[in-house]
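> In the numbering used here, the protein residues as written are 1 to 136. Heads up, the beta-carbon is just placed ideally off N, CA and C, and yes, glycines get one too. Let me begin by handing over the structure; questions about it come next.
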């Protein structure tokens, strides 16, 4: 089963995109800005990754993105912000992928919204089964 994450332009407020499921359902996505895979401040590199359910002490049972070069503990979880903290923006992530139902603005920053609902729908749609994630 393949899921595609199609990225749009990366800015200091984050890297927005769309996650497309095998059945065509879509979710908005947010990652950190692209800073050449620098740990804790960059999105992960484009490529193909295996994903499976993992138990996160902070987020519970969520999908982990496995075998990301020079990175660890990359998850798909709920949150709103994915900005460049080095430039004063808020961020809920250190390299993970956030899902949302739509894109909006909070406290003057572009964000994904209804993230918990989006994550719950994503988990249900994927039936908690492993999948291949292609980031393009």
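Below 8 Å, can you find three or more Cβ-Cβ pairs linking the stretch 102–118 to the stretch 32–47?
no
> Taking buried to mean at least 16 other C-beta atoms within 10 Å of its own C-beta, is residue 15 buried or exposed?
For residue 15, the number of other beta carbons within 10 angstroms of its own is at least 16, and it is reported as buried.
> Please report the straight-line C-alpha distance between residue 99 and residue 122, rounded to a whole angstrom.
8 Å
> Measure from the C-beta of residue 46 to each C-beta in chain D and report whether the shortest distance is under 8 Å.
Structure shown: chain D not included; a single protein chain is present.
> Are the CB atoms of residue 97 and residue 5 nearer to each other than 8 Å?
yes
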